[in-house]
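Every letter in the sequence shown is one number past the one before it in numbering that gives the first Met the number 0, and letter 441, counting from 1, is 440.
Each residue gets a CB set at the ideal place from its N, CA and C atoms; glycine is no exception.
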Amino acid sequence: MAKKKPMLIGYHTDIYKRFGNNPKFDLMAKTGNGVDFVLCHVDTRDGTYQDNLDHAEKTAKAFKELGVPFIASYEGQNFNLEQKTTDGHDWVHRGDGTHLLRLTRDYMEKLNSEDNCMGFMYDELEHVIINRNVSLALASRFKEDHPAFPVSVSRDPVVQGELLSSQLRDYAKELKSFGAKTVSGEHVFPVLFHLFAKNGIIPNFKSQKESFSNVQFAIAAGAAKQYGMPLWNCVDLWCRMTYPGHSAREMYNNLVFAYLAGVDLVYVESVDAFMDNEGHLTPYGEQFRAFCDEYKGKERDYDVADYRPEIGIVRYDDTYWGQGRVRWMWRNMLFGNPAIKADKKCKEWIKVFNMITHGETGKGGISWGRVELRSLTRHRSFATMNNAVVYDENATKKDLESLKLCFLCGYTVSDGTLAAVRELVKENGLTVVTSERFAPKGFTVPKGQPFGEIADGKGTWIVTDDFGSKKLEKRLSGFLGNKGEMRYVFGDKELRMKIDEDGDGYTIL
């Protein structure tokens, strides 16, 4: 492992709309608390198109004066049906029924006018896609129903996924051609990391919020590693509709986890909780300052590219994470296409996560965002997990070579990936758990049994039609690690952590 750059540390705010007139933000920006950057809500504005250009240029100049670079973040379009200037420029409507922010070349040039804009971030783009701009639908009592991109007429999720892939590729390509140095999303739900990374959009997972932080990491890290992308992390203080919905201690532990897990860039959303009205640091501000004092500029000799996972889930990302049938919350559809509903194949990986976390993620979904009784239980940031990762259906032999246990599930796995898996079973002793549809020809589940097991070279195929089988879990127990622990391997470095009883922290073993 070669020497790597330090992890970049920042925070997120929208207070900068006032350009330093708010003393709370002014103090934070000028002292910086040792931050490397600020993620700032710029957003499109009322007034003329020229007013918007002036605002973008003013933002760049102000951050230049403060001596800190910024990432331009956009979220207003997620909650506002109309975003049109007084002289007629429409930022969101494409004339085809879709609702998606589109910036222009001259606008991006203004953001880049001081050469200190690190890139463009579309806040919660995956949420907008899979839930079909649900905030707008809720506000209109579902009289307005706009997808982010045109959806396929096909009911085949693979056809829909390939269409979205091309749409994301074109969207990112356009922004970069206008001058965006980076394009990133910010994922509430643990989906679309791979499809984003495949098309040049940096995977950026939320910690805390309503998910297990290390479950989000396992999925996002797989996307970053597989597609050679950096990995970003938003430590989000919101939990459901509560702010702050997580303790200062939990926030600090998630920031340290980002460093330990090889994340390239981390920031806290948002920093309103860092100071009181008199400008004094709160416990949140104190914990953030303490983290910066210890970790800003601190070099690691590894990053996510050096991750050597041992348990792998390979699946086509159909965008299912456990969403239910409650129409007014998360939409019961895949890819934001009402014609495509979840089925048994979608749910296989949910059962796998339930197994590899020793039951801690639950049987129905992998987020507290799911509308069910379990979502009323107290949030925990960390779940039992033994060096796990998620790859998509195009994982290569190089991606898979460190695995000891591999699950094949979902709608499709590419021929190349299946060939690589077969080689690793024979040559490396890999154990594969799969449904019959991805098993070698003739490998079936014996009648009346939860699974069938076939030796193949040095390895083993386990064929099942029930990834939630307790007998299967018992068979695989030797791979699953110790309950209450997290374990990671980066190159030749092993990290083991004992999770605190409340799930909000850990002790390095």
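Would you mind sorting Q49 into buried or exposed? The rule is 16 or more other CB atoms within 10 Å of its CB.
exposed
Do I498 and T360 have their beta-carbon atoms positioned less than 9 Å apart in this structure?
no
Label H98 either buried or exposed according to how many other C-beta atoms from any shown protein chain fall within 10 Å of its C-beta, with 16 as the threshold for buried.
buried
Considering only their Cβ atoms, is the gap separating F406 from V431 smaller than 9 Å?
yes
Could you check whether V389 and H193 sit closer than 9 Å to each other, using their CB atoms as the reference points?
yes
If you draw a straight line from the C-alpha of K29 to the C-alpha of W90, how long is it?
Only weak support is given to the placement of K29: the predicted model assigns it a pLDDT of 49, under 50, and the question is left unresolved by the model.
Distance, K3 Cα to V488 Cα:
16 Å
Per the DSSP calculation, W231 is bridged to which residue(s)?
N203 and L264
Considering only residues of the same chain and omitting the five flanking positions on each side of P337, which have a CB-CB separation below 7 Å?
If we look at P337 and ignore the five residues flanking it on each side, it has no Cβ neighbours.
Limits of the unbroken alpha helix (DSSP H) element including R495:
Where R495 is concerned, there is no enclosing alpha helix (DSSP H), although the beta strand (DSSP E) it sits in stretches over K492 to I498.
Between the Cα of E484 and the Cα atoms of E452, I355, T376 and S413, which residue gives the shortest distance?
I355
Complete runs of the beta strand (DSSP E) confined to the region 339-388 [at least 3 residues]:
none
Name the residue from I129, D155 and A55 whose alpha carbon lies nearest to the alpha carbon of L110.
A55
What does a CB cutoff of less than 7 Å around R44 pick up in its chain, not counting 5 residues either side in sequence?
D50, N51 and H54
Can you name, in chain order, every residue of its own chain whose Cβ lies under 6 Å from the Cβ of I507, other than the five neighbours on each side?
M496
Go ahead and pull the three-state DSSP assignment for N276.
coil
Beta-carbon separation (whole angstroms), M6 vs D398, contact threshold 8 Å:
Not really, about 23 Å apart at Cβ, beyond 8 Å.
For I129, the residue or residues it bridges with in DSSP
Partner(s): none; I129 has no beta bridge.
Given 8 Å as the limit, is there contact between the region 405-422 and the region 268-286, that is, 3 or more CB pairs closer than that?
no
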